[in-house]
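S.K.: These protein sequence lines map, in sequence, to chains W and G. Numbering-wise (our numbering), the first sequence opens with residue -2 and increments by one. Numbering-wise (our numbering), the second sequence opens with residue 4 and increments by one. Would you mind keeping the following structure in view while I ask a few things?
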Amino acid sequence: MIRTEKLCKSYHCHTRHEVCAVQDINLHVSKNSFVILHGPSGSGKTTLLNILGALDRPTDGKVFMSGKDITSFSDIALSRLRREKIGFIFQDFHLIPRLTSWENVSYPLIPVGISPQKRYERAKTLLERMGLGDRLDHSPEELSGGQRQRVAIARALVNNPEIIIADEPTSNIDEETSEQVLKLLTELKSGGATILVATHDAHFEKIADMVYKMKNGRIE
Amino acid sequence: MNKHLNLFFLATENLLRHRTKTIVVCLCIIAILSPFITAVAISEGIRAQSLVSVKAGADLYLTFDEFGRNAAIPLKYLDEIKKIFGVTKAIPRIIGRAFVQNKLAVIVGINKEDIPESISCISGRMFEHPNEVVVGCELANHFKLNIGDQFSMREQQRKTFTVVGFFSSASSIWGSSMIFMSFRDAGELFGKQDVATDIQIHTLPGHNSEIATDLYDIFQNEPYRLQDKHMVELYFKKGFMLKEGVFSALYLVAFALGIPAILVASGFGLSERKREIGIMKATGWHTLEVLELISFEQLLISLLGAAIAIVLSILWVKGFNGVFIAQFFVSEITMLPKFTLPAKFLPLPCILSFFFAFILTMVGSVYSTWRASTESPVVSMK
């Protein structure tokens, strides 16, 4: 499903020093598998997930998704890939503050051309599944951290993606909600999705098909 | 449902969500466009009225020529001119300027029988006896004149005039500061008895060139100036463009200050917008879809701003009679004209105003949007 070849990502800091966030990453994620990226802060997990989620381009190396090299994709092709195949759950949620929960969830459906009524129904179904049926019209600032994370998860699922990438999905939420998220991701995997999660949470390792340990931008 | 329709509705919702920004940008657009639309409407109105006056006037205008300028023409030629074949009417006029106390008035002296039929917008009556005058509404209001009041002018203090009528406030701008009197009285006022400032010649169609030849024979070596309708029309346009130019120069200064205001207002909340665009891109929006959304927003805000500016301009002219702005186009009037200001709202300036607003708002937002949407979503979301 996802394969990388000698993946590198480096940044030029204002001090003109080159910082390698990830380097020489060779990784393989099979279809319908649950893969964990484990590692300390600053080990390059987020950078790697951003590249695998088509949110960022590598400095060097290749990423193959369903056999296609996505590093050579145009901006439009990458957007289409994100829309059709990938659902990304961010560590700090990245919800749009002025929108309500259901509007945030249905936002990716707007350019697809789905009518407002259908968008509302789809968002409502997902939010009810997340236990937020009574928070449809609440703005993010009216929600707790756990509730925001669940809205972000609902948004990631709204396009029925084949791949779900989650960056520290339980780091900003309480233990009870963490368990709910874990359960949900397990259900999604059972439904046929491929799950890739960066986390410190040891609970995830129990259900993972594969665990990659990262340190200093490399996979150990 | 169509994707473009979705984006259009989202743009509408976004304008409501960002109310403060919408209001500020709209106000900037209104501040720039409203004086422009009002000025163009007044300018077109006056131009149209002046051309109607010229078209309704004489076919030829005859004066003497001194130092390359119009000069008074002796009345001794009047009978000869009337006898020329093709001339239906020759009307001598005295048009000059005189001070009533400290206010300059346009004096028009014409024989009673030659008064054009179009001059009917008078309250009171037309002059019939010596020293009777009809006064423009602007002057009448300034001096609080009533029918029967008497006044004199600085040029001829001993001569006293009696007000017998007024040009109504609905009359044209030409009547605003005018004093209308008999030809004889005007001659006495300026101390010129046997001359006219010009002779209006009405002719049969197609006879102008033959009449011009006959006039050449009459005047022999006298320097005279003959202008037809078309030339007078050109003078009107030329003189009017000069006034428009003065307004344009002042307007350009205001305009130059207004553009940065719109650009700044359009860029309000840029960092929030950048983050939002990053989220949109991360959730699968294309750059073109983001740009389309922003364009719809600017289109709507421009339409709204331009529409309000047009409505305010109509109100400015029709409700407040072009207060403050009229003086740029009509000389010697107060800030609030006492006559009904002519104005003509044409579709083209209104459409141009909208395009102008659209371009301005687009310039203020499209580049930053494009930058944010072509960057990687990770960078934009930071």
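No residue lacks a Cβ here, since even glycine has one placed at the ideal position from N, Cα and C.
(1) Would G:A189 and G:I87 qualify as a contact pair, given that the criterion is a beta-carbon distance under 9 angstroms?
(2) Measuring CB atoms only, is the segment 77 to 97 of chain W touching the segment 147 to 163 of chain W, in the sense that at least three cross pairs come out at less than 8 angstroms?
(3) Based on Cα-Cα distance, which residue from G:A259, G:R278, G:D231 and G:R276 lies nearest to G:K58?
(4) If contact means a Cβ-Cβ distance below 8 angstroms, which residues of the segment 354 to 373 of chain G contact chain W?
(5) According to DSSP, is W:N47 helix, strand or coil?
(6) Go to W:N101, then tell me how far its alpha helix (DSSP H) extends in each direction, as first and last residue.
(7) Name the DSSP bridge partner or partners of G:P38?
(8) Report the rounded CA-to-CA distance for G:W288 versus G:A329, giving the unit in angstroms.
(9) Measure the alpha-carbon distance for G:M184 versus G:I202 and round it to whole angstroms.
(10) Where does the unbroken beta strand (DSSP E) through G:K1 begin, and where does it stop?
(11) List the whole-angstrom C-beta distance separating G:M156 from G:F170, where the pair is believed to meet the contact cut-off of C-beta under 8 angstroms.
(12) Taking Cβ-Cβ distances below 7 angstroms as the criterion, which residues of the segment 90 to 108 of chain W are in contact with chain G?
(13) For G:P345, does the three-state DSSP call read helix, strand or coil?
(14) Using a Cβ-Cβ distance cut-off of 9 angstroms, determine whether W:L52 contacts chain G.
(15) With 9 angstroms set as the bound, which would you pick, yes or no: does the beta-carbon of W:G130 sit closer than that to a beta-carbon of chain G?
(16) Between the beta-carbon of G:F193 and the beta-carbon of G:Q159, is there less than 9 angstroms?
(17) Does the distance from the C-beta atom of G:I32 to that of G:G308 stay below 9 angstroms?
(18) With 9 angstroms set as the bound, which would you pick, yes or no: does the beta-carbon of G:E275 sit closer than that to a beta-carbon of chain W?
(19) Using the three-state DSSP reduction, which class does W:D164 fall into: helix, strand or coil?
(20) Determine which residues of the segment 283 to 300 of chain G have a Cβ less than 8 angstroms from any Cβ of chain C, and write them out in chain order.
(21) Quick one: is G:F358 buried, meaning 16 or more other Cβ sit within 10 Å of its Cβ, or exposed?
(22) What are the residues in the segment 72 to 84 of chain W lying within 7 angstroms of chain G by C-beta distance?
(23) Within 9 angstroms (strictly less), CB to CB, does W:P113 reach chain G?
(24) Could you list which residues in chain W have their beta carbon closer than 7 angstroms to that of G:R22, in chain order?
(25) Please report the distance separating the alpha-carbon of G:D68 from that of G:L107.
(26) Please work out which residues of its chain come closer than 6 angstroms, Cβ to Cβ, to W:S103, disregarding the five sequence neighbours upstream and downstream, and give them in chain order.
(27) I'd like to know whether the C-beta atoms of W:I150 and W:G50 end up nearer to each other than 9 angstroms.
M.R.: Taking the structure as given:
(1) Position 186 of the second sequence, counted from the first residue, corresponds to residue 189 of chain G. Position 84 of the second sequence, counted from the first residue, corresponds to residue 87 of chain G. No, the Cβ-Cβ distance between G:A189 and G:I87 is not below 9 angstroms.
(2) yes
(3) As a working mapping, residue 58 of chain G is identified with position 55 in the second sequence. Here the closest residue by C-alpha is G:D231.
(4) none
(5) The residue given as residue 47 of chain W occupies position 50 in the first sequence. W:N47 falls in the helix class under three-state DSSP.
(6) Indexing the first sequence from 1 puts residue 101 of chain W at position 104. First-last of the alpha helix (DSSP H) with W:N101: S98 to S103.
(7) Along the second sequence, read from residue 1 onward, the residue named residue 38 of chain G stands at position 35. Looking at the DSSP assignment, G:P38 forms no beta bridge with any residue, so it has no partner.
(8) Along the second sequence, one-based indexing puts residue 288 of chain G at 285. Along the second sequence, one-based indexing puts residue 329 of chain G at 326. Taking the straight line from one Cα to the other gives about 51 angstroms.
(9) The residue given as residue 184 of chain G occupies position 181 in the second sequence. The residue given as residue 202 of chain G occupies position 199 in the second sequence. Going by the C-alpha atoms only, they are around 16 angstroms apart.
(10) Shown here, chain G extends from 4 to 385; a query on residue 1 of chain G therefore has no answer.
(11) One-based indexing of the second sequence puts residue 156 of chain G at position 153. One-based indexing of the second sequence puts residue 170 of chain G at position 167. That pair is no contact at about 18 angstroms.
(12) H91, I93, R95, Y104, P105, I107 and P108
(13) On the second sequence, residue 345 of chain G is found 342 positions in, with the first residue counted as 1. It is coil, neither helix nor strand.
(14) As a first step, residue 52 of chain W must be located in the first sequence, where it is residue number 55. Interface residue, yes.
(15) To locate residue 130 of chain W, count along the first sequence from 1; it is residue 133. Taking Cβ atoms only, chain G never reaches closer than 9 angstroms to W:G130, which makes this a no.
(16) Position 190 of the second sequence, counted from the start, is the residue given in the question as residue 193 of chain G. Position 156 of the second sequence, counted from the start, is the residue given in the question as residue 159 of chain G. Contact flag set, yes.
(17) Position 29 of the second sequence, counted from the start, is the residue given in the question as residue 32 of chain G. Position 305 of the second sequence, counted from the start, is the residue given in the question as residue 308 of chain G. In contact: G:I32 and G:G308 (Cβ atoms closer than 9 angstroms).
(18) Within the second sequence, residue 275 of chain G is the residue found at index 272, counting from 1. Answer yes: the Cβ-Cβ gap between G:E275 and chain W drops below 9 angstroms somewhere.
(19) Position 167 of the first sequence holds residue 164 of chain W. Here W:D164 sits in strand by DSSP.
(20) Given the protein chain composition of this structure (W and G), no chain C is represented.
(21) Within the second sequence, the letter at position 355 stands for residue 358 of chain G. When all chains shown are included, G:F358 counts as exposed.
(22) D72, I73, S76, R79 and R80
(23) If you number the first sequence from 1, residue 113 of chain W lands on position 116. Yes, W:P113 counts as interfacial toward chain G.
(24) Here residue 22 of chain G corresponds to residue number 19 of the second sequence, with the count starting at 1. In chain order: nothing, as chain W lies at least about 11 angstroms away.
(25) One-based indexing of the second sequence puts residue 68 of chain G at position 65. One-based indexing of the second sequence puts residue 107 of chain G at position 104. C-alpha separation (whole angstroms): 25 angstroms.
(26) On the first sequence, position 106 is the one that residue 103 of chain W refers to. Excluding positions up to five away in sequence, the list reads R116 and A120.
(27) By one-based count along the first sequence, residue 150 of chain W stands at place 153. By one-based count along the first sequence, residue 50 of chain W stands at place 53. No, they are not a contact pair.
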